[in-house]
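Notes follow the structure.
Residue numbers (our numbering): 794 to 1465.
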């Protein structure tokens, strides 16, 4: 039920739920989405947060990072009262933004809300309640943002109220900066209100603002009982910071970035940026002054000797501006933002190797961390990139080169494929395997390596299946050589090899890494990604649309129809169910549209063959030569890697005939 609120304008609520919950995951267990954890007998975290916002919001936008979350959340939302269902939308984080994590979710969300007044919260704060948001809205006044401030100088960077119209202009500056944090939006704001938490209520506030980061916290939180009706804030001590010059500086900075091509840095661009930085610094707009110099330094450092005096001079000015910004925040007891300003200066001192600055800034950072009682996050970084950066830093580039070289050699003898198609496929399968393994609760390291190399032997000797040795065995040999050079242990190399060769020697059911690769390889052929991959492959083979429908579409439809039943992991099955429907619906629409425009009429017929295998055949309604019907005959044969079906199309009237063949799906039984 939507209740009346103390704000006289409609309010939008944003729920951030696009994180990977890395700290919550446990080795040996399947991946868990924190948003779906129960916090009571009747509610999950997601439902709890929705119901809180629904008390005063006229619009709720849930931000997610992938389609699987969207499907799962939609099922939950369907169970809510219709009045709440009607105000909810689920949106995806904008993957075009360079920023990451909560910053990407926040900045993506701003473009999706329709109301001027907005509140935002993560999904994993179970004890938050509507009074907190209403207090923030009541104290927003004419400022851009109102955010809780702790006595220690810490803020709640992901729980605040804001005026969309007053911060939307800042989004591009943060969105396309890969180093930006979610709380940088406070550093950019032209006006901001800090609402202090009452000293007498710090203990209860600590419980209310607690987020669930790991299973231990979840167990402890479930035992707590919290009164959810009192105000936590001392409104008499509201801190307002107005920086009206920020608006003009922001406009000038955006114009500077929009008008210049930073891929081709010139002296004019650099000089202009330095002049802007000086101008901003003179107006005490230290964040803007530091921001522009940090951007320039990172852009030019690759092409200019790091020891050059000019670079050090720019770095010193940049650090001065970030340090000045930090001091301003400290003067207002907003130590959390002071910490991040110092950290930005510290990153520049490391980039340019300025030892004196590093030591000085490091001491200030340590002191602020102690004041704020912040701890380093102790958890495994499960991201794909960091996994390889830490354990096999050169692997991706070397694997890419090996696969590209083999494909290039093949291309010299055949014009059917273009270099990089096989690498693109291999890399995608690696990424999908990483996702599946992580969600199955197993270490993704071995399955991901094996997935990337599973096709490395496809073009050995510059030919496709050049000898009697299977491509999997060739791939295994390539993996052994590469991984030995990269320093992997013998046991790890053996695991990778077994995962690859198992794809050929029927060891799939006994090897979890092999199951992951098998599913990942097939998922690359499904859904929107699979459709794009299909047409790319047809184009590279020189096959037009009509020929691809006649010669290849039967295989795609057969695989899509059978996909959910042939997947070997729980995660793979879930992904396949949704993506198979996308594939089938798309090609169904394609055939209907061809018929609508008179470009060809086809029908799809299901056949059952050997061992109750089901296949889908695309059949032209009429022979293109004489307009008679085709007769279909089916056979099977054992191929190099699989059992194949051969479909023979024959027009009895004019003797027009053709055949198609493809591997049968892995064991599928027709329903009664």
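Glycine residues also receive a C-beta, built at the ideal position from the N, C-alpha and C atoms. These figures come from a predicted structure and were not determined experimentally.
Count the other C-beta atoms from every protein chain shown that fall within 10 angstroms of the C-beta of residue 1061, then say buried if there are 16 or more, exposed otherwise.
-> Sequence index remark: in the chain shown, residue 1061 carries index 268 (1-based). Looking at its Cβ environment, which holds fewer than 16 other Cβ atoms inside 10 Å, residue 1061 is exposed.
What's the call for residue 1106, buried or exposed, on a 16-neighbour Cβ count within 10 Å?
-> Within the chain shown, numbered from 1, the residue matching residue 1106 stands at position 313. That one is exposed.
Taking all protein chains shown into account, decide if residue 1088 is buried (16 or more other Cβ within 10 angstroms of its Cβ) or exposed.
-> Taking the first residue of the chain shown as 1, we reach residue 1088 at position 295. Label assigned to residue 1088: buried.
When burial is assigned at 16 or more other CB atoms within 10 Å of the CB, is residue 1376 buried or exposed?
-> Residue mapping note: residue 1376 aligns to position 583 of the chain shown, counting from 1. Buried, by the Cβ-count rule.
What number of angstroms, rounded off, separates the C-alpha of residue 1328 from the C-alpha of residue 1342?
-> Residue numbering aside, residue 1328 sits at position 535 when the chain shown is read from its first letter. Residue numbering aside, residue 1342 sits at position 549 when the chain shown is read from its first letter. Across the structure, residue 1328 and residue 1342 are spaced so that their CA atoms are roughly 11 Å apart.
Every unbroken alpha helix (DSSP H) within the segment 1361-1417, with a cutoff of 4 residues, ordered by chain = With a minimum length of 4 residues, the continuous alpha helix (DSSP H) runs that stay inside the segment 1361-1417 are 1363-1389.
Which residue's Cα is closest to the Cα of residue 933: 1428, 1348, 1078, 1032?
-> Working through the chain shown from its first residue, we reach residue 933 at position 140. For residue 933, the nearest C-alpha among the options comes from 1032.
Does DSSP put residue 1437 in a helix, in a strand, or in coil?
-> Here residue 1437 refers to the residue found at position 644 of the chain shown. If DSSP states are grouped into helix, strand and coil, residue 1437 belongs with the strands.
Hey, how far is the Cα of residue 1285 from the Cα of residue 1147?
-> As a first step, residue 1285 is located in the chain shown; it is residue number 492 there, counting from the start. As a first step, residue 1147 is located in the chain shown; it is residue number 354 there, counting from the start. Spanning the two alpha carbons is a distance of roughly 40 Å.
Are the segment 918-926 and the segment 966-981 touching, with three or more C-beta to C-beta distances below 8 Å?
-> no
Neighbourhood of residue 1037 by C-beta distance below 7 Å, restricted to the same chain and skipping five residues each side = On the chain shown, position 244 is the one that residue 1037 refers to. Counting only Cβ-Cβ distances below 7 Å, and skipping sequence neighbours, we find 983.
So, helix, strand or coil for residue 984, using DSSP?
-> Along the chain shown, read from residue 1 onward, the residue named residue 984 stands at position 191. Strand, per DSSP.
Can you give the Cα-Cα distance for residue 808 and residue 1115, rounded to whole angstroms?
-> Along the chain shown, one-based indexing puts residue 808 at 15. Along the chain shown, one-based indexing puts residue 1115 at 322. In a straight line, the C-alpha of residue 808 is about 31 Å away from that of residue 1115.
Element boundaries [beta strand (DSSP E), containing residue 1059] | Along the chain shown, one-based indexing puts residue 1059 at 266. Note, residue 1059: premise wrong, no beta strand (DSSP E); not H, not E.
Any idea if residue 1385 is buried or exposed, counting beta-carbon neighbours within 10 angstroms, 16 or more meaning buried?
-> Taking the chain shown and counting its residues from 1, the one referred to as residue 1385 is at position 592. Taking a 10 Å sphere around the C-beta of residue 1385, we find fewer than 16 other C-beta atoms and assign the residue as exposed.
Relative to the alpha-carbon of residue 889, which residue among 947, 1397, 898 has its alpha-carbon at the smallest distance?
-> In the chain shown, residue 889 corresponds to position 96, counting from 1. For the set 947, 1397, 898, the Cα lying nearest the Cα of residue 889 is the one of 898.
Would you check if the segment 869-888 and the segment 945-957 touch, i.e. whether three or more CB-CB distances between them fall below 8 Å?
-> no
Where residue 948 sits in the DSSP three-state scheme | By one-based count along the chain shown, residue 948 stands at place 155. If DSSP states are grouped into helix, strand and coil, residue 948 belongs with the strands.
Please go through the segment 1331-1363 and give each complete alpha helix (DSSP H) segment of 4 or more residues, from N-terminal end onward.
-> Fully enclosed alpha helix (DSSP H) runs of 4 or longer: 1338-1344, 1346-1359.
DSSP state of residue 1003, grouped into three classes?
-> The count along the chain shown starts at 1 and reaches residue 1003 at position 210. In the structure shown, residue 1003 sits in coil (DSSP, three-state: anything other than H, G, I, E or B).
Out of 918, 1046, 1410, 930, state which residue places its alpha-carbon closest to the alpha-carbon of residue 1344.
-> For the purposes of this step, residue 1344 is taken as residue 551 along the chain shown, with counting starting at 1. That would be 1410, whose Cα lies nearest to the Cα of residue 1344.
Per-residue burial, residue 995 [other beta carbons within 10 Å of its own, 16 or more giving buried] = Translated into positions along the chain shown, residue 995 becomes position 202. The residue is exposed, with fewer than 16 neighbouring Cβ atoms inside 10 Å.
Best match in 883, 896, 913, 1228 for proximity to residue 846 [C-alpha to C-alpha] = Taking the first residue of the chain shown as position 1, residue 846 is located at position 53. Of the candidates 883, 896, 913, 1228, the one whose C-alpha sits nearest the C-alpha of residue 846 is 913.
Give me the Cβ distance between residue 1352 and residue 1237, rounded to the nearest whole Å; I'm assuming they're in contact under 8 Å.
-> Numbered from 1 along the chain shown, position 559 holds the residue referred to as residue 1352. Numbered from 1 along the chain shown, position 444 holds the residue referred to as residue 1237. Incorrect: roughly 25 Å between the Cβ atoms, too far for contact.
Under three-state DSSP, which class holds residue 831?
-> Working through the chain shown from its first residue, we reach residue 831 at position 38. Correct three-state label for residue 831: strand.
State the DSSP-derived secondary structure class of residue 941, mapped to helix, strand or coil.
-> Counted from its first residue, the chain shown places residue 941 at position 148. Residue 941: strand per DSSP, three-state reduction.
Give every residue of the same chain whose Cβ lies closer than 7 Å to the Cβ of residue 1428, excluding the five residues on either side of it in the sequence, and list them in chain order.
-> Within the chain shown, numbered from 1, the residue matching residue 1428 stands at position 635. If we look at residue 1428 and ignore the five residues flanking it on each side, its Cβ neighbours are 1439.
Starting from the N-terminal side, write out each stretch of the beta strand (DSSP E) that is 3 residues or longer and does not extend beyond the segment 851-881.
-> Whole beta strand (DSSP E) segments, 3+ residues: 852-857.
Give the DSSP-derived three-state secondary structure of residue 1279 in the structure shown.
-> Sequence index remark: in the chain shown, residue 1279 carries index 486 (1-based). In the structure shown, residue 1279 sits in coil (DSSP, three-state: anything other than H, G, I, E or B).
Where residue 893 falls: helix, strand or coil (DSSP) = By one-based count along the chain shown, residue 893 stands at place 100. Here residue 893 carries a coil assignment [DSSP, helix/strand/coil].
By a C-beta neighbour count over all protein chains shown, 10 Å radius and 16 as the cutoff for buried, is residue 1240 buried or exposed?
-> In the chain shown, the residue the question calls residue 1240 occupies position 447. Its Cβ being crowded by 16 or more others within 10 Å, residue 1240 is buried.
C-alpha gap between residue 1446 and residue 1423, whole angstroms = As a first step, residue 1446 must be located in the chain shown, where it is residue number 653. As a first step, residue 1423 must be located in the chain shown, where it is residue number 630. Straight-line Cα distance between these residues: approximately 9 Å.
Measure from the alpha carbon of residue 868 to the alpha carbon of each residue in 848, 1046, 849, 837, then state which is nearest.
-> As a first step, residue 868 must be located in the chain shown, where it is residue number 75. Of the listed residues, the one whose Cα sits closest to residue 868 is 837.
C-alpha gap between residue 915 and residue 810, whole angstroms | Counting from one through the chain shown, the residue named residue 915 turns up at place 122. Counting from one through the chain shown, the residue named residue 810 turns up at place 17. Each residue's Cα considered, the two are about 6 Å apart.
CB of residue 1243 within 9 Å of CB of residue 1306, strictly | Stepping through the chain shown from its first residue, residue 1243 is reached at position 450. Stepping through the chain shown from its first residue, residue 1306 is reached at position 513. Closer than 9 Å, so yes.
Residue range of the unbroken beta strand (DSSP E) whose run includes residue 809 = Taking the first residue of the chain shown as position 1, residue 809 is located at position 16. Residues 804-809.
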